[in-house]
């Protein structure tokens, strides 16, 4: 759990993001990411390892996990930054540790640092209660024009 004290937490933004992760469309909709919990500095999300997302060897493609990391890296910041601001992924590093065959993968993203222009978060993805991917990334925070 993050030990950061956030200056703000926009419950309305968090609630809207929980209700409709599919509103983002594109890859998020295709991979069917689901937001299960979104609190100050923490996101829990999930998606299913469907057959069309697997390699010829029957494992979930690592690119799906990479997209999931990128998605979670951005979403976790929205309730704690200024309304109207947005985040852009600057970089992330991920380690893939074991294959995913079927079922559901779950990510827990936690903010590690939040400044006025950048933020850092960790993302841990599990499958069958085992860690399959560990990641850390940085986002740039783009403030709304006043």
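Residue numbers (this note's numbering): 1200 to 1345. We put the CB at the ideal spot given by N, CA and C, even for glycine. Quick caveat, the model's predicted, so the values are computed rather than measured.
Rounded straight-line distance, which links the Cα of residue j to that of residue i
i            : j            : result
residue 1282 : residue 1257 : 42 Å
residue 1331 : residue 1345 : 42 Å
residue 1210 : residue 1240 : 12 Å
residue 1312 : residue 1203 : 7 Å
residue 1156 : residue 1314 : The requested residue 1156 does not occur in the structure, where the chain is confined to residues 1200 to 1345.
residue 1310 : residue 1316 : 14 Å
residue 1212 : residue 1218 : 10 Å
residue 1329 : residue 1214 : 29 Å
residue 1228 : residue 1340 : 24 Å
Residues of its chain near residue i, where Cβ-Cβ distance is below 7 Å and the 5 sequence neighbours each way are ignored
i            : result
residue 1263 : 1230 and 1252
residue 1260 : 1252, 1253 and 1254
residue 1186 : The structure shown does not extend to residue 1186, since the chain spans only 1200 to 1345, so no value can be given for it.
residue 1343 : 1281, 1283 and 1284
residue 1224 : none
C-beta atoms of residue i and residue j nearer than 7 Å
i            : j            : result
residue 1268 : residue 1293 : yes
residue 1242 : residue 1287 : no
residue 1306 : residue 1271 : yes
Cutoff 6 Å; reference residue i; Cβ partners in own chain excluding five residues on either side
i            : result
residue 1334 : 1268, 1291, 1293 and 1322
residue 1326 : 1299 and 1304
Anticipated Cβ contact below 8 Å, residue i with residue j, distance rounded
i            : j            : result
residue 1279 : residue 1207 : 6 Å
residue 1247 : residue 1302 : 7 Å
Contact set for residue i: own chain, Cβ-Cβ below 8 Å, skip 5 residues either direction
i            : result
residue 1216 : 1234, 1237, 1274, 1277 and 1278
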